[in-house]
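Asks: Residue numbers (this note's numbering): 4 to 988. Just dropping this structure here.
Structural data, given as structure tokens:
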């Protein structure tokens with residue numbers, strides 16, 4: 004007999020199960036546990052469900068819920084019986100519940116690990132992915148409560164519900180019994196289930212941004228009655244851009260007789276508008292925003308752009324207002340850009356939206372731009388406009404309380420109008436997710452990032468996000484690993500963006516330089532060497548060179564198989580009277596354009612000095628807004644063959660979840676239909692074709708800027724070629740790896756009630772744990788007095804080393820605390836006496852004895868877990884290179900074989916490992932294996948929160964780990980592995 008709620012153990016309300024989610028169509032909803040106060044909501048919800056859906060749920064006509072049903076479905080112990088609801092506007096639109104059962108299918112309690120699960124989704128919301136979102140969350144709840152399997156009975160005709168289970172990616176079994184389909188799902192996450200989850204997340208979040216950028220109608224709430232003011236300015240900009248949808252001016256202070264304002268309908272509230280408004284731009288004082296948001300939510304607005312200030316940038320009180328704003332908007336299913344935003348722009352011909360404070364809408368182009376700063380956004384828009392570049396989309400997120408850079412990456416990945424994504428970020432709300440999304444996006448189109456507030460140690464005002472404690476240099480290294488082009492300034496971002504949006508990717512680092520100035524050519528040559536490029540000797544065309552000479556020289560350079568890119572330098576030529584002439588920039592631009600169009604597809608950049616009209620002519624030479632019927636440049640063209648230097652995979656309608664990974668199709672949801680997967684803003688697929696010809700040729704006023712942009716393109720192209728054939732994570736399934744033994748040892752060391760702060764391991768404990776993963780640590784024996792030191796040496800065997808291990812002397816051989824190559828007892832006693840006389844008493848020095856290792860290069864290998872970024876593997880040379888100069892490389896865990904090889908080669912001191920100045924090269928394969936083993940250890944066991952192997956002496960044959968420190972702690976939560984949810988900032 005089923006235990007009644009009154010007799011069951013009751014647990015406190017689990018508020019950590021509450022989550023805001025983005026549904027398939029881009030709207031938001033809230034998932035939360037069902038409580039005893041939900042009786043009326045449940046009855047109302049059930050009344051709106053069709054008879055067919057009720058039949059599928061209860062296997063019989065069930066027109067209404069009895070009082071007993073309502074009581075049962077609203078009273079849960081949150082352990083053996085759990086119910087979750089999806090709400091919009093406070094009302095239920097879907098529910099799910101599970102009941103723990105035993106082997107006979109009867110109600111049970113723990114340790115029974117199976118539960119029966121059932122769903123019900125309101126018909127009006129079927130097809131939005133409600134059931135699939137509920138399945139993710141109820142599965143996570145079940146795992147938390149010790150349930151490992153779900154059982155479900157489904158009528159054979161309920162194909163949509165069967166599809167939800169089938170497409171979830173879990174291991175499952177199916178049988179037909181007594182007229183119904185019996186399904187059993189193993190709830191352990193699989194690679195497929197995670198891919199399905201991330202694929203759904205990507206499409207939903209991309210769609211949510213697309214709804215904001217491509218509305219059918221816009222209402223400006225707070226439009227002033229007189230010219231001027233924020234609201235009236237946005238309305239004017241919407242009209243000036245030629246917005247293709249319907250526009251409304253809204254202000255509760257309008258006179259009742261006012262019908263139009265600036266030629267658009269004027270209303271006192273959204274309720275007066277006859278149709279549903281898609282996007283609302285809110286420009287009212289902060290204290291009036293809640294009223295405006297409620298008006299929007301009650302009338303079906305899909306998204307908000309909140310320009311109003313006075314939120315988290317004003318302190319703790321404003322931060323709470325901001326949180327309440329997000330909660331209120333999400334309760335109605337709306338997403339927010341802002342508050343304190345500058346606005347949004349979409350230049351697509353079918354939209355032409357300028358819902359921003361920018362007085363002039365940028366030209367249509369292939370660059371997508373996201374910024375967290377209005378001031379930086381203004382500067383970037385101005386800089387791009389000044390250099391003739393166009394945009395596909397622009398979002399200035401302000402305090403980014405909701406829509407973030409991660410959402411923009413999701414949108415950019417699918418948007419076929421965007422070839423390059425530029426982001427100015429001041430904070431990373433979820434670094435782990437950012438690197439995952441950036442890696443996937445960078446595999447098909449460049450992602451260029453400027454990170455502000457790098458060294459402040461705090462988040463900028465208004466950015467209430469988790470704080471990552473990893474250094475900025477580590478963040479930069481992890482971005483590079485993900486294929487992100489990280490630059491230091493917004494000027495560099497524009498420089499790189501212009502080149503990447505208009506030119507093919509270079510096949511390598513070989514650069515031809517030509518021009519009419521020997522000095523400018525030499526400056527360019529030096530800049531190329533400084534950036535790690537391989538320039539050919541500059542070709543001087545002399546100051547008498549004509550535009551035709553430039554054309555011939557460029558055509559020859561492009562046809563040369565020994566160069567991968569060309570930089571053209573140009574100065575005003577000297578006329579017959581000896582005076583400098585600026586010349587006709589349009590003529591020179593036409594010559595360069597003609598040569599680039601007729602030669603092989605290689606990137607071309609121009610460095611010019613005071614040649615009037617050249618930059619403008621080059622910018623106008625070829626619009627970056629490529630017609631949809633021709634192949635687009637760089638990211639928009641069809642995928643190149645593996646290893647090809649140019650070209651990129653197009654952003655397709657059904658987007659993969661990562662390089663080389665195809666996302667499973669989105670399931671329909673309970674009694675739903677499959678949502679169309681056409682990406683935002685497209686009406687036809689991208690045309691296929693050969694690699695694109697060079698488009699607009701970017702011009703730069705300084706050689707260093709052009710070369711730096713070209714160097715970034717070269718490094719990105721190399722990353723793309725490598726990403727086409729990604730590295731592998733070795734399994735190490737040999738006798739030197741004992742994962743179960745390591746797990747048991749960790750459980751023992753942490754104990755049944757581990758300290759949340761964790762605990763460091765002793766030397767012997769660390770040796771034992773590392774040994775489980777084939778990482779031997781050379782033993783050390785304590786030497787509290789000379790006799791103990793002699794006994795230790797006799798046990799270990801001569802020669803030995805005597806080392807102090809006091810924290811202030813650890814790894815400081817320069818202070819005299821390390822004595823090496825002690826070959827006998829007399830030498831050991833003398834060394835012991837000298838060290839204690841020089842540095843202090845043995846009790847202070849904590850001396851140890853260790854057998855000597857083969858000579859080699861001293862290195863440091865570390866792994867640590869950052870709560871926000873995840874596990875990070877680090878490598879450097881021991882001593883001054885890493886400690887003083889910061890010459891340390893980093894990679895995210897799990898590291899692949901390619902990551903390990905790149906890790907040891909990416910530090911500046913790497914030549915020391917490969918035979919620098921005639922020294923013997925060391926055993927780098929052994930070092931790579933050590934890195935991979937450590938990566939595997941921390942990836943398999945998140946309780947290992949930090950490991951430092953120092954020093955690791957790498958010899959010509961093999962290596963020796965002389966010291967190891969390990970810290971264990973309860974593992975931090977992994978939000979990226981749980982069900983998808985929006986962050987709660």
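Glycine residues also receive a C-beta, built at the ideal position from the N, C-alpha and C atoms.
What does the Cβ neighbour count give for residue 166, buried or exposed, with the cut at 16 atoms within 10 Å?
Replies: buried
Asks: Mind checking which residues open and close the alpha helix (DSSP H) that includes residue 454?
Replies: Not the alpha helix (DSSP H): residue 454 falls in the beta strand (DSSP E), residues 450-454.
Asks: When burial is assigned at 16 or more other CB atoms within 10 Å of the CB, is residue 14 buried or exposed?
Replies: exposed
Asks: Could you tell me which residues DSSP puts in a beta bridge with residue 987?
Replies: Beta-bridge partners assigned by DSSP to residue 987: none are found.
Asks: Sort out for me which residues DSSP pairs residue 877 with in a bridge.
Replies: 865, 893
Asks: Would you tell me roughly how many angstroms separate the C-alpha atoms of residue 77 and residue 85, rounded to the nearest one?
Replies: 9 Å
Asks: Decide if residue 806 is buried, meaning its Cβ has at least 16 other Cβ atoms within 10 Å, or exposed.
Replies: buried
Asks: Quick one: residues in its chain with C-beta nearer than 8 Å to the C-beta of residue 803, no 5 flanking neighbours on either side, listed in chain order?
Replies: Cβ neighbours of residue 803 within its own chain (closer than 8 Å, five residues either side excluded): 795, 796, 825, 831, 852, 853, 854, 855.
Asks: Give the secondary structure of residue 17 by DSSP, where H, G and I count as helix, E and B as strand, and everything else as coil.
Replies: coil
Asks: Leaving aside the five residues before and after residue 156 along the sequence, list all residues of the same chain whose C-beta is less than 7 Å from its C-beta, in chain order.
Replies: 183, 185
Asks: Find out if the Cβ-Cβ distance for the pair residue 421, residue 399 is shorter than 9 Å.
Replies: no
Asks: Between the Cα of residue 823 and the Cα atoms of 220, 922, 709, 965, which residue gives the shortest distance?
Replies: Taking only the C-alpha atoms, the option nearest residue 823 is 965.
Asks: For residue 679, is the classification buried or exposed, using 16 other Cβ atoms within 10 angstroms of its Cβ as the cut-off for buried?
Replies: At residue 679, the pLDDT of 36 sits below 50, so the modelled position is not reliable and the matter cannot be decided from this model.
Asks: So the beta strand (DSSP E) residue 36 belongs to, where does it begin and stop?
Replies: Residues 31-36.
Asks: Identify, in the order they occur along the chain, each residue of the same chain with its Cβ nearer than 7 Å to the Cβ of residue 530, setting aside the five sequence neighbours on each side.
Replies: 706, 707, 710
Asks: Using the rule of at least 16 other Cβ atoms within 10 Å of the residue's Cβ for burial, across every protein chain shown, is residue 877 buried or exposed?
Replies: Around the Cβ of residue 877, a 10 Å sphere holds 16 or more other Cβ atoms; the residue is buried.
Asks: I'd like to know if the stretch 55-65 and the stretch 104-115 are in contact, where contact means that at least 3 CB-CB pairs between them fall below 8 Å.
Replies: no
Asks: Can you list the beta strand (DSSP E) stretches of 3 or more residues lying completely in the stretch 191-261, in chain order?
Replies: 220-224, 249-253
Asks: Among residues of its own chain, excluding the 5 on either side of residue 891, which ones have a beta-carbon nearer than 6 Å to its beta-carbon?
Replies: 877, 879, 885
Asks: Between residue 842 and the rest of its own chain, which residues show a CB-CB distance below 8 Å, the 5 nearest in sequence each way excluded?
Replies: 807, 812, 818, 819, 820, 848
Asks: Beta strand (DSSP E) containing residue 357: first to last residue?
Replies: Segment 356-359, the beta strand (DSSP E) holding residue 357.
Asks: Note down, in chain order, each residue of its chain lying with its Cβ closer than 8 Å to the Cβ of residue 741, except the 5 sequence neighbours on either side.
Replies: 775, 776
Asks: Rounded to the nearest angstrom, what separates residue 540 and residue 919 at their Cα positions?
Replies: 28 Å
Asks: Determine the direct distance from the alpha carbon of residue 455 to that of residue 786, and round the result to whole angstroms.
Replies: Those two C-alpha atoms are separated by around 51 Å.
Asks: Would you give the residue range spanned by the alpha helix (DSSP H) that residue 77 belongs to?
Replies: Note, residue 77: alpha helix (DSSP H), 70-77.
Asks: Find out if the Cβ-Cβ distance for the pair residue 51, residue 126 is shorter than 9 Å.
Replies: yes
Asks: Quick check: what's the CA-CA separation for residue 685 versus residue 355?
Replies: No answer about residue 685 holds up, because its pLDDT of 36 lies below 50 and its placement is not dependable.
Asks: Residue 346 by DSSP, collapsed to three states: which one?
Replies: Looking at residue 346 - three-state DSSP - the assignment turns out to be strand.
Asks: Using the C-alpha atoms, what's the distance from residue 809 back to residue 850?
Replies: 8 Å
Asks: As an exercise, report each continuous beta strand (DSSP E) stretch of at least 3 residues that is fully enclosed by the stretch 487-573, in chain order.
Replies: 488-490, 513-518, 568-573
Asks: Suppose contacts are defined by Cβ-Cβ distances below 9 Å. Is residue 313 in contact with residue 324 by that definition?
Replies: yes
Asks: Entirely within the stretch 365-428 and at least 4 residues each: give me those alpha helix (DSSP H) ranges in chain order.
Replies: 377-389, 408-417
Asks: Would you mind working out which of 123, 487, 241 sits nearest residue 65, comparing C-alpha positions?
Replies: 123
Asks: Output the boundary residues of the beta strand (DSSP E) element that contains residue 612.
Replies: Per DSSP, residue 612 belongs to no beta strand (DSSP E) and is neither H nor E.
Asks: State the beta-bridge partners of residue 94 as determined by DSSP.
Replies: 91
Asks: Who are the near neighbours of residue 936 in its chain, counting only those whose CB is closer than 6 Å to its CB and skipping five residues on each side?
Replies: 776, 777, 778
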